[in-house]
Amino acid sequence: MSWELKFKNSVKKDFNNIGFFESAKIIKSLNDFIENFSDDQERILLKNGNIKRLKGSLEGCYWLRLRTYRVIYEKRENELIILVLRVGSRGNVD
């Protein structure tokens, strides 16, 4: 079973702020992430702190660490979609 990577329209602005080369690296990392995504992989990433479950207004979403950037995403299991909501540097993603 494979996952599909989708981006919320507002993520284009995030990528424009980051720049082309960094955005390309992030997209490649996200493609690698969904290619290897499984419940076991998710548990490992949660345990080592590279993924965190969010609370409050973003409950049900996750925060993913990709080098110096953070990606907020939502996992839609019934559609096998990883929907990227925000991308930004540490401290600028909320």
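So the sequence shown is numbered by UniProt numbering: it starts at 1 and just counts up by one. Each residue gets a CB set at the ideal place from its N, CA and C atoms; glycine is no exception.
The shortest CA-to-CA distance from Val71 to any of Lys52, Glu59 and Asn48 is the one to Lys52.
The C-alpha of Ser2 is placed about 11 Å away from the C-alpha of Ile82.
Look at Phe7 here: in three-state DSSP terms it is strand. In the structure shown, Gly88 adopts extended strand secondary structure according to DSSP, grouped into three states. Boundaries for Lys55: no alpha helix (DSSP H) harbours it, and the DSSP string shows neither H nor E there. Inside the segment 7 to 44, DSSP marks no whole beta strand (DSSP E) run of 3 or more residues. Between Asn50 and Arg67, the C-beta spacing is not below 8 Å.
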